[in-house]
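First the structure, in the form of structure tokens, and then the observations on it.
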């Protein structure tokens, strides 16, 4: 298992360098539709990198982060409200957030379906979900997946179309964008 609790300083120092500029621009475009002071949650936040990108796009958002590793969260920005928790047990009321972000995190979740159920629970009606991850249909995605599994991580990587179908079963309308060996999902929840 990757000792994330002891690697926060590395992710804080070098993490932003691995996010493609196009993904950051896509995130800004995604966030532009949110109301002022919208509540945004970064799930599997690590050091809060997605919150930093969100703040660079919109400084009027109310940013929160959850991660099970306090050694990662302690490096999150001061404008982020950090919570030590897993994606499978979010410590928030129902219908609390306008938007959820998951950057290079979904593949670390032990129980993906439970994490998605929790996301749906805490999202408001028509809440938004932005996922950025590695595409296992590419050679680099396959290498990363195998490397993570060798290190004891769950390695729950999805082909983008498979994840799209899964999210649709939870009530999301989904758009996929491909970036070489990575992809993003922009989704809107349509609660019944």
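Residue numbers (my numbering): 348 to 539.
Even glycine gets a Cβ: it sits at the ideal position worked out from N, Cα and C.
Predicted, not measured: the structure shown is a model, and the values here were computed from it.
Own chain residues within Cβ distance below 6 Å of residue 439, not counting five before or after: Taking residue 439 as the centre and dropping the five residues before and after it, the same chain places the C-beta of 469 closer than 6 Å to its C-beta, in chain order.
Secondary structure of residue 529, DSSP reduced to three states: Here DSSP, grouped into helix, strand and coil, assigns residue 529 to strand.
Sequence-distant residues of its chain with Cβ nearer than 6 Å to residue 467 (five each side left out): Listed in chain order, the non-local C-beta contacts of residue 467 below 6 Å within the same chain comprise 517, local neighbours out to five positions each way being set aside.
Within 9 Å, strictly: CB atoms of residue 427 and residue 410: A contact, by the Cβ cut-off of 9 Å.
Paired residues, beta bridge with residue 446 - DSSP: Partner residues in the beta bridge of residue 446, as assigned by DSSP, are 387 and 475.
Extent of the continuous alpha helix (DSSP H) to which residue 459 belongs: Per DSSP, the unbroken alpha helix (DSSP H) holding residue 459 starts and ends at 459-469.
Reduced DSSP category for residue 356 - H, G, I as helix; E, B as strand; rest coil: Note on residue 356: pLDDT 48, under 50, position unreliable in the model; the coordinate value appears next. Note: residue 356 maps to helix in three-state DSSP.
Residue 431 in three-state terms, based on DSSP: Here residue 431 sits in strand by DSSP.
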